[in-house]
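K.L.:
Count along the sequence shown from 1, then add 1; that gives the number in this note's numbering.
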Amino acid sequence: MSEQALRQSIIDHALEMNATGLNQGTSGNLSMRFEDGLLITPSGMPYKQLATEDIVFLKMDGTYQHHLMPSSEWRFHRDIMQARPEVNAIVHAHPTYCTAISIRGMDVPAVHYMIAVSGGNSIRCAPYHTFGTQALSDAAVEALEGR
């Protein structure tokens, strides 16, 4: 897929996330692996205003050359992709019910067969850390180990 097509795909999926209620406003973020880095949604920009040139290319060392800042969760995206070479895209959303369940701070047991399809007998819930921090990224990578 061309870089332009990847950028458009990110925008299309961001718009779909909000249209279906999976996410609200600009609270989520999306990325796709590209060349020696990743393409990621910019920080705080409403998805309806996104153009392909607004998608930020971020190198795996965390540097970028763009007039917009990458999502504050860029570490999360980069670190998961570095830890998991088979991961080529990440969708980070804030569905209302998932957010409510995560506040419990406990894993979600496998009460439905689709949980097992995701690679385990539960959905792991990483401990809370401030958004955009290395601590949150580390917790996310750890929660995905073995999945």
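Where a beta carbon is used, it is the ideal one built from N, C-alpha and C, also for glycine.
Who are the near neighbours of H67 in its chain, counting only those whose CB is closer than 6 Å to its CB and skipping five residues on each side?
P.N.:
Excluding positions up to five away in sequence, the list reads V57.
K.L.:
With T39 as the anchor, note down where its beta strand (DSSP E) starts and where it stops.
P.N.:
Reading off the sequence shown, one finds Leu at residue 39, where the question assumed Thr. Where L39 is concerned, the enclosing beta strand (DSSP E) stretches over 38–41.
K.L.:
Over the uninterrupted beta strand (DSSP E) stretch that includes A90, give me the two end residues.
P.N.:
That run of the beta strand (DSSP E) goes 90–93.
K.L.:
Out of M82, P96, G63, state which residue places its alpha-carbon closest to the alpha-carbon of L145.
P.N.:
When each option's Cα is compared against that of L145, the closest is M82.
K.L.:
Kindly indicate which three-state DSSP category M33 falls into: helix, strand or coil?
P.N.:
The answer is strand: DSSP assigns M33 an E or B state.
K.L.:
Answer with buried or exposed for T97, where buried requires no fewer than 16 other C-beta atoms within 10 angstroms of its C-beta.
P.N.:
By the 10 Å Cβ count, T97 comes out exposed.
K.L.:
If you measure from the beta carbon of N24 to each beta carbon in chain B, is any gap under 8 Å?
P.N.:
Absence of chain B from the displayed structure is noted, only one protein chain being present.
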